[in-house]
Amino acid sequence: MASRSKTRNLQVFDTELSADAVEWCPVSPDNDVLVCGTYELQKGTGEGHAAASRTGRLYLFEFRREAQVGPPLSELQRMETAAILDLKWCRVPVSGRAVLGVAAATGELQLYTLSDSQAGGRSLQTLSSLKVGAECLALSLDWSAGRLDSSDLRVACSDSAGGVGVLALAEGALVSLSRWNAHDYEAWIAAFSYWDTQLVYSGGDDCKLKGWDLRVGSSTPLFTSKRHSMGVCSIHSSPHREHILATGSYDEQVLLWDGRNMHRPLSESPVGGGVWRLKWHPTDQHLLLAACMHNGFHVLHCEQALGGGGGACPVVASYILHNSLAYGADWSQLSLGAQTPPPPFGVEPKEGLSGGGGHLKIQYESPTAGFDTSLEDDAGRYVPEAIAAPSAPPSGSCEDAPSLSCLLASCSFYDHMLHVWRWDWTPERV
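Here it is in structure tokens:
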């Protein structure tokens, strides 16, 4: 049986400022919550005037699976902030609440809790913040709880001065445990090994991928790899398989590694754009989502490479409706069930936004017919797909189910767009 892959746009939202980070909440029962971070450089006006500044905005959304009329995504909150470079939810609750970490242009790591608001909804409340380095931008963060382990909870953070730091939460406040100079230029990314959280990986604009063992100090890395030919800007440890690591770079390559042998990657996959973010699927060990800057968003199927077969990982889905740098991307853990087509809701073109909070119609002509992407009906009307609550929860695993339905979000920079979309896939059976 041949495989079938279909992506379908559900909603588009104008973030007004350049969008570069998006994350679905992984903590139940708040899996319907989505956050998006933005970054805007405000240029100075010359000598004697205000210097350049970096501003941002943090959006909080709620996704309604049962929505039959109107957009499924509704805005709950927006906060004016410093420019946001990265954001990630902790995968385990902290004191019973979901906690969001934000890497800010002020050089701070900021934490927010998701709380019930007085109006009966949900909102983000400031928990703690800490400067990670002097005169630098905080560029990335990662929580140690990738495998849902809440013991010894820590955060790794990288910065524009080439530094990497590790912080802990003590009675709701951030405390710095260590910081060291890891790279010659910007340290674009830092990430834990989720199987051994004393091991931290980092990647920088010096084209180096490094590993650090926190038990022996940070004077010398465990390894230094120069396999990427340009800056290393994405790292994600697999939460499903021990020792497995995915890395991405401006060199447009996704590399898979076995952490026990960092001399040679398991596979190299060209994706046609600088790889800004990589995200393993929350339940399927073989699926990897890549935000590929100049070449949209792609899902790689890594089964052959992880099984020792080598070769590039095939792309099984592409989402190419963004018209600018593909930066933020994430999988939702919400289950998707059967669909019933709704009556289309009205969405105005960008030149005339309606009062619907920035929801847009896209004019787009696909340059490839490699994948089936739905956005408009035959009459040219914007028709998102309704999502009904499932009658029975699917397994969520491609190995155990005849098909897979996923909800995703992605954002792009200069056109300041957030997209929510669905991917339906029936794998090839032998």
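Each residue of the sequence shown is one higher than the last, beginning at 151 in this note's numbering. No residue lacks a Cβ here, since even glycine has one placed at the ideal position from N, Cα and C. On a predicted model such as this, the values are computed, not experimentally measured, just so you know.
In summary, Glu402 is buried, with 16 or more beta-carbon neighbours lying within 10 Å of its beta-carbon over all protein chains present. Per DSSP, reduced to three states, the secondary structure at Leu280 is strand. Rounded to the nearest whole angstrom, the C-alpha separation of His390 and Val466 is 20 Å. Looking at the DSSP output, Asn411 bridges to Asp408.
Around the CB of Asp480, 16 or more other CB atoms lie within 10 Å, so the residue is classed as buried. Closest in C-alpha terms to Ser203, from the list Ser308, Val162, Leu287, Arg215, comes Leu287.
Membership of Gln454 in the alpha helix (DSSP H) is indicated by the continuous run 453 to 456. The beta carbon of Pro179 sits closer than 7 Å to no other beta carbon from its chain once the five residues preceding and following it are set aside.
Closest in alpha carbon position to Gly312, among His448, Gly457, Val162, Lys358, is Lys358. As computed with DSSP, Ser308 is found in a beta bridge with Ser290, Val314. For the set Gln268, Leu250, Glu336, the Cα lying nearest the Cα of Arg304 is the one of Leu250. Straight through space, the alpha carbons of Lys281 and Lys429 are spaced by roughly 27 Å. Between the stretch 225 to 234 and the stretch 570 to 580 there are fewer than three C-beta pairs closer than 8 Å, too few to call the two in contact. In this structure, Pro221 keeps its C-beta atom at 9 Å or more from the C-beta atom of Val177. In this structure the stretch 339 to 350 does not touch the stretch 317 to 331; the number of beta carbon pairs closer than 8 Å is below three. Taken in chain order, the complete alpha helix (DSSP H) segments of 4 or more residues contained in the stretch 373 to 452 number zero; there are none. Assignment of beta-bridge partners to Cys240 by DSSP yields no partner. With respect to the 9 Å criterion, Ser245 and Leu259 are not classified as neighbours on the basis of their beta carbons.
C-alpha of Ser343 to C-alpha of Ile394: approximately 9 Å in a straight line.
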